[in-house]
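Colleague: Respectively, the protein sequence lines represent chains A and B.
Heads up: the first sequence runs through residues 0 to 98, numbered per this note's numbering.
Heads up: the second sequence runs through residues 40 to 292, numbered per this note's numbering.
Here a beta-carbon is modelled for each residue, glycine too, at the ideal position from N, C-alpha and C.
My structure is below; once you've seen it, I'll send some questions.
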Amino acid sequence: MDVQTEAGYDGNALAGPLSEVFAVEVTTAVGRCRGCGTSSQLATLRVYGLEPGMVGRCPGCEEVLVRISRTPDDLWLDLGGMSALRIQMSNSSAEETGQ
Amino acid sequence: MARAAVSGGLRVRRAWRPAVLVERRAETPSASTLVFDVPGWPGHVAGQHLDVRLTSPDGYQAARSYSLAAPADGERIEITVQAVPDGEVSSFLVGDAAAGDSVEVRGPVGGWFVWRPEDSGPVLLVAGGSGVVPLMAMIRSRDGTDRAPFRLIYSVRAPGDRIYDHELQRRASEDGGLDVSVVYTRTAPEGEPRPTGRISIDDLVSYGWPAELEPTCYVCGPTGFVETVANLLIFLGHDPSKIRTERFGPSGP
């Protein structure tokens, strides 16, 4: 196991757990790293671990941007590594809301 | 709403729902396609994935993500699963699962590594091993569209590892807008002119699109493969914002 040195997955793997929380597809949202300022779509984060515990790191500096941990009753979402999360509301997928 | 909701797959909040296995067929000795009926499936976009969750009799649960392999047929969907060593979910799906078995799925999810038929520009698909699965969904979604030109570069260890081999050959021969090139890293078939070896910049130049055509590039495979290919594409002048990547694990397929 060299998952400590190489991310096993990327932010695409966050889509499932986050789909239970957010009403929009959030892996296309852009997060800004509090450490280095890099803006990244969540789909491009380096992701370590599988549910119930996942960590998403900045592709620019490896700072932790997202932590997700799942307990039987709760989902803990730590976005503390991000100074902002920009969620596009006027794209084609937003127009599909009514379906 | 079932069929009309195809693109709505990007918007609805997801929860686990039951899925019943209706068919399993072997693609290679270590990969199988599984067809599920999922009541209430809202449709999906090529490139999206779902999460599959298994629950053992003692309540232990394990979930993994798998790419959808084809457009939905109503509430019928399919995934292709590569068995990974000690994979607690994949070993069941490829080995023991039988028609009638129930699992839980959550999806479709993901909105970044997707291709929509209305995207008409050229597309470069680069697959490492079972990374071909979401790219096959994109190829299968070209049917009935105005057919954006596609090129697939498919890296496998040996000829027996090629998933969808016959269908890819058939589609490439019937469809002038689809080119398929296979790169062998360990063992090549008789008469293959390219020496075996990892995918190289020469392969991307020979079998891909020139950067000037501004193709959208989809790269899927093990982490190291994806990093290598993405870096080579950027070196060749491709716009990083047109390179979409999906990594499914730290080591080979």
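When DSSP builds the beta bridges, which residues end up paired with Gln121 (chain B)?
Modeller: In DSSP, Gln121 (chain B) forms a bridge with B:Ala70.
Colleague: So, Val258 (chain B) versus Thr224 (chain B), is the Cβ gap smaller than 8 Å?
Modeller: For Val258 (chain B) and Thr224 (chain B), no; Cβs fall outside 8 Å.
Colleague: Leaving aside the five residues before and after Leu207 (chain B) along the sequence, list all residues of the same chain whose C-beta is less than 7 Å from its C-beta, in chain order.
Modeller: Hits under 7 Å: Val219.
Colleague: How big is the Cα-Cα spacing for Arg145 (chain B) and Ala14 (chain A)?
Modeller: Near 10 Å, if we compare the C-alpha coordinates of Ala14 (chain A) and Arg145 (chain B).
Colleague: Looking at the structure shown, is Gln87 (chain B) part of a helix, part of a strand, or coil, going by DSSP?
Modeller: Of the three classes helix, strand and coil, the one that applies to Gln87 (chain B) here is coil, per DSSP.
Colleague: Do we get a CB-CB distance below 8 Å when we pair Asp90 (chain B) with the residues of chain A?
Modeller: Yes, contact with chain A.
Colleague: Would Arg181 (chain B) be called buried (16 or more neighbouring beta carbons within 10 Å of its own) or exposed?
Modeller: So Arg181 (chain B) ends up on the buried side.
Colleague: Return the CA-CA distance between Gly216 (chain B) and Asp73 (chain A), expressed in angstroms with no decimal places.
Modeller: So the alpha carbons of these two residues sit roughly 49 Å apart.
Colleague: Does any CB atom of chain A fall closer than 8 Å to the CB of Phe274 (chain B)?
Modeller: Judged by the 8 Å Cβ criterion, Phe274 (chain B) is not in contact with chain A.
Colleague: Can you name, in chain order, every residue of its own chain whose Cβ lies under 7 Å from the Cβ of Ser290 (chain B), other than the five neighbours on each side?
Modeller: Bear in mind that the predicted position of Ser290 (chain B) carries a pLDDT of just 49, short of 50, making it unreliable; the figure below should be weighed with that in mind. Only Pro261 meet the Cβ criterion.
Colleague: Taking Pro313 (chain B) as the reference, which of B:Arg286, B:Ala269 and B:Asp90 has the closest Cα?
Modeller: With chain B running from 40 to 292 in the structure shown, residue 313 (chain B) is simply not present.
Colleague: Would Thr35 (chain A) be called buried (16 or more neighbouring beta carbons within 10 Å of its own) or exposed?
Modeller: Before going further, note that residue 35 (chain A) is Cys rather than Thr in the sequence given. Answer is exposed; the Cβ neighbour count stays below 16.
Colleague: Would you call the segment 101-113 of chain B in contact with the segment 79-91 of chain B, where contact means no fewer than 3 C-beta pairs closer than 8 Å?
Modeller: With the cut-off at 8 Å, the segment 101-113 of chain B and the segment 79-91 of chain B touch.
Colleague: For Tyr193 (chain B), I'd like the list of residues in its chain whose CB is within less than 6 Å of its CB, leaving aside the five on either flank, ordered along the chain.
Modeller: Excluding sequence neighbours, Tyr193 (chain B) sits near Ala166, Val171 and Val221.
Colleague: Using a Cβ cut-off of 9 Å, which residues of the segment 17-40 of chain A contact any Cβ in chain B, in chain order?
Modeller: Those would be Leu17, Ser18, Glu19, Val20, Phe21, Ala22, Val23, Glu24, Val25, Thr26, Thr27 and Gln40, in chain order.
Colleague: Do Trp151 (chain B) and Gln87 (chain A) have their C-beta atoms within less than 8 Å of each other?
Modeller: The answer is no: Cβ separation not under 8 Å.
Colleague: Counting only C-beta atoms, is Val148 (chain B) closer than 8 Å to chain A at any point?
Modeller: It does: the Cβ of Val148 (chain B) has a partner Cβ on chain A nearer than 8 Å.
Colleague: When you compare only the Cα positions, how much space is there between Ser212 (chain B) and His205 (chain B)?
Modeller: Taking the straight line joining both Cα atoms gives about 11 Å.
Colleague: Does Gln100 (chain B) come out as helix, strand or coil in the three-state DSSP assignment?
Modeller: Of the three classes helix, strand and coil, the one that applies to Gln100 (chain B) here is strand, per DSSP.
Colleague: If you reduce the DSSP assignment to three classes, tell me which class Val59 (chain B) lands in.
Modeller: The answer is strand: DSSP assigns Val59 (chain B) an E or B state.
Colleague: Quick check on Glu138 (chain A) - is its C-beta less than 8 Å from some C-beta in chain B?
Modeller: With chain A running from 0 to 98 in the structure shown, residue 138 (chain A) is simply not present.
Colleague: Which residues in the same chain have their Cβ closer than 8 Å to the Cβ of Pro71 (chain A), if we skip the five residues on either side of it in sequence?
Modeller: Same-chain partners within the cutoff: there are none.
Colleague: Can you name the start and end residues of the alpha helix (DSSP H) that Ala296 (chain B) belongs to?
Modeller: Because chain B is modelled from 40 through 292, residue 296 (chain B) falls outside the range shown and cannot be assessed.
Colleague: Measure the alpha-carbon distance for Ser95 (chain B) versus Arg233 (chain B) and round it to whole angstroms.
Modeller: Near 47 Å, if we compare the C-alpha coordinates of Arg233 (chain B) and Ser95 (chain B).
Colleague: Please compile the residues from chain A whose C-beta is within a distance smaller than 7 Å of the C-beta of Ser169 (chain B).
Modeller: Result: empty, since nearest Cβ-Cβ is about 14 Å, beyond 7 Å.
Colleague: Is Met177 (chain B) helix, strand or coil by DSSP?
Modeller: Met177 (chain B) falls in the helix class under three-state DSSP.
Colleague: The beta strand (DSSP E) that contains Leu163 (chain B), what's its start and end?
Modeller: Leu163 (chain B) -> beta strand (DSSP E) spans Val162 to Gly167.
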